[in-house]
Each structure stands twice: as C-alpha cells, then as structure tokens.
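Novice:
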Amino acid sequence: MDETDLLDFQWHVTQRTLPDTRRQYALCLTVNALLYLTKRADQWRLLPRVFAYSRCYYYFRRWQATGR
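Number 45 in my numbering belongs to position 43 of the sequence shown; there are no gaps in the numbering.
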C-alpha cells in the first residue's frame with residue numbers, strides 16, 4: 003500500500019460521487035493512481051505499471067470535463 007492509497011472507508015465515500023457504471027477493473031486503483039500523480043507530480047507514462055496510465059488519463063479527463 004502506498005501512502006497515497008485510499009483507505010477502505012475513504013474509497014466508499016469517494017465511490018458515491020462517481021457515476022455508477024459497469025467496469026472490468028477496480029476503479030479504486032484509478033483513483034489511487036490519480037492521488038499518486040498528485041503527490042509526486044510525475045508524468046502519466048511514469049506511473050507504475052499496475053496503474054495503466056492510459057486508463058487513468060481517460061478517467062481524469064472524463065471527470066475533469068464533467069466537474070467530478
């Protein structure tokens with residue numbers, strides 16, 4: 003677990019603010035990746051492989067466009 007990862011109770015609160023859609027992967031991992039980037043000010047492509055930078059960037063742009 004990284005210092006930027008959400009705790010379970012934090013994820014449950016955050017999850018309520020996101021649209022309810024079916025996903026093939028854990029959205030919590032994407033949120034943790036965004037927190038990781040915020041903490042370290044890294045580039046998208048430098049994310050650890052576990053985060054799949056293209057998926058993280060997609061959701062970042064989508065949520066940014068909708069104001070979430």
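For glycine and all other residues, C-beta sits at the position ideal for the given N, C-alpha and C.
Kindly give me the distance between the Cβ atoms of Thr19 and Arg70, rounded to whole angstroms, as I take these residues to be in contact under 8 Å.
Specialist: Sequence index remark: in the sequence shown, residue 19 carries index 17 (1-based). Sequence index remark: in the sequence shown, residue 70 carries index 68 (1-based). Their Cβ separation, rounded to whole angstroms, is 7 Å, which keeps Thr19 and Arg70 in contact under 8 Å.
Novice: Taking only three categories from DSSP, how would you classify Thr16?
Specialist: Here residue 16 refers to the residue found at position 14 of the sequence shown. The answer is helix: DSSP assigns Thr16 an H, G or I state.
Novice: Verify whether the separation of the beta carbon atoms of Leu49 and Ala35 is less than 8 Å.
Specialist: As a position in the sequence shown, residue 49 is number 47, starting the count at 1. As a position in the sequence shown, residue 35 is number 33, starting the count at 1. Taking 8 Å as the Cβ cut-off, Leu49 and Ala35 qualify as a contacting pair.
Novice: Considering Ala67, what are the terminal residues of the alpha helix (DSSP H) in which it resides?
Specialist: Reading the sequence shown from its first residue, position 65 is the one you call residue 67. Unbroken alpha helix (DSSP H) run through Ala67: 55–68.
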